[in-house]
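If you want the numbering used here, it's the position in the sequence shown, counting the first as 1, plus 791.
Comments concern the structure below.
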Amino acid sequence: MSPGLSYAVIRSHALIADLLTPEQVLELAVSEDLGTLIERLSETPYGEVSVEAGGDVSIALERVFYRKFIERMARIVDVAPGNIAEFLEAYYYTRFEILNLKRILRGKFSGIPVSQIVDSLVPIKPYQAKDFEVLAESETLEEAVQRLGDTPYSAVVASMELSKEYDALWPLELALNHFYARTILRTLERLPSVDRAIVRRIVQVEADIENFLIAVKQRRAHEEALRVQRLEDLFPATYGIPLSAIKEVLEARDIKPVIAALGPPHSEILAPIYEGDVALIRTHLRRHIYRTARLGRSTNDFGFNVIMAYLVFSEIEKDDLVGISWGKAQGVSSEDILRYLTIPYSA
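In structure tokens:
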């Protein structure tokens, strides 16, 4: 039996104080190289990080950061009331499992070796899918998709024909995005109605941005083909960006008026699209989610919002650290790395 909501909230308050400060993340971001980054990490709660010789250091570090986040999430699950614990497990394990499925499908689509696909996966056990390695060992993309047929992800199989028609991965990723949004919004029923708003806002804006990005990408590649598709079949889950706006994106010569008409937060998140900087759009999305969690905490500092804020802050810390390690591995300048971070600008 869990200690109860009050204890989980108190623990979350204490754990928020243990997260990296903006100054610490900034110091990590300006590390001269990966060796310096690892050395500086040893002075943080992440401690000594060991990386196998000859391996991809950025991938090894990503796994460290994911394990740390999952460990933090599990601690909250252990002390939270049953309904909150069940929701958090469903929320995060579904989230990371879908990320793994996307990485597997991208790997099969691109012909990446099985070992590299497996190394790139988030270190979790399957939640609703089956063995990740078995999926990764599929001979073809279609075989991997068919293996999802007897799982809760079976709806993805129906998108395979569209994927083959366009020789593209986006129909499969779109189906996974919609599965995630609908699953989490349905799982919200486990929480009291007063606690649902913060999660609903996060999930819906994530779905909106992913829908929009796919629509923008496909308007260039398959304009005629998409016009004959039923948009409600392609985009069955829309929220703050309605289907009518998706239709405008696919048909308009200039999408600037479409984005402007959306208003904040969508227009602000999507602003980097004019320069074609999708990575910065995702950074803007993370910053918006961070602000959403911080606002939710400020409006209810003694309930579920505190728990959710701690986990959102922790996940974004993980995302920033993954971005830093990847940037250092690729030789990206510290100035450019900082442009795509969230926490250094959260103070």
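C-beta atoms are modelled at their ideal positions from N, C-alpha and C, and glycine is treated no differently.
Asked, Found
"Counting Cβ pairs, one atom from each stretch, are 3 or more of them under 8 Å apart for the stretch 1044 to 1055 and the stretch 969 to 980?", "no"
"Tell me whether the beta-carbon of residue 1104 lies closer than 8 Å to the beta-carbon of residue 986.", "no"
"By the 10 Å Cβ neighbour count, where 16 or more other Cβ atoms means buried, how is residue 1003 classified, buried or exposed?", "buried"
"At the level of alpha carbons, what is the spacing between residue 817 and residue 1121?", "18 Å"
"Taking the beta carbon of residue 901 as the centre, do at least 16 other beta carbons fall within 10 Å, making it buried, or is it exposed?", "exposed"
"Whose C-beta lies closer than 7 Å to the C-beta of residue 1019 among residues of the same chain, with five residues either side of it excluded?", "Low local confidence applies: a pLDDT of 46 at residue 1019 is under 50, so the model's placement there is unreliable, and no value is given."
"By Cβ distance below 8 Å, which residues in the same chain neighbour residue 1143 in space, the five residues on each side in sequence not counted?", "Residue numbering for the chain in the displayed model covers 792 to 1138; residue 1143 lies beyond these limits and cannot be assessed."
"To the nearest angstrom, how far is the alpha carbon of residue 910 from that of residue 1111?", "20 Å"
"Using the rule of at least 16 other Cβ atoms within 10 Å of the residue's Cβ for burial, across every protein chain shown, is residue 1109 buried or exposed?", "buried"
"Terminal residues of the continuous alpha helix (DSSP H) containing residue 1132?", "Note, residue 1132: premise wrong, no alpha helix (DSSP H); not H, not E."
"May I ask you to check if the CB of residue 1060 is nearer than 7 Å to at least one heavy atom of the ligand SAM?", "In the structure on display, the ligand SAM does not appear, and there are no ligands present to speak of."
"Kindly indicate which three-state DSSP category residue 1026 falls into: helix, strand or coil?", "coil"
"With distance defined between alpha-carbon atoms, name the residue in 967, 1058 and 991 nearest to residue 1026.", "967"
"Would you call the stretch 1051 to 1062 in contact with the stretch 955 to 969, where contact means no fewer than 3 C-beta pairs closer than 8 Å?", "no"
"Closest by CA to residue 1102, which one among 841, 835, 796 and 867?", "867"
"Quick one: is residue 1001 buried, meaning 16 or more other Cβ sit within 10 Å of its Cβ, or exposed?", "buried"
"Is the Cβ-Cβ distance between residue 960 and residue 948 less than 8 Å?", "no"
"So, using beta-carbon positions, are residue 1036 and residue 1022 closer together than 8 Å?", "no"
"Counting only runs of 4+ residues fully inside the stretch 882 to 951, write out the alpha helix (DSSP H) ranges in chain order.", "905 to 910, 923 to 927 and 932 to 937"
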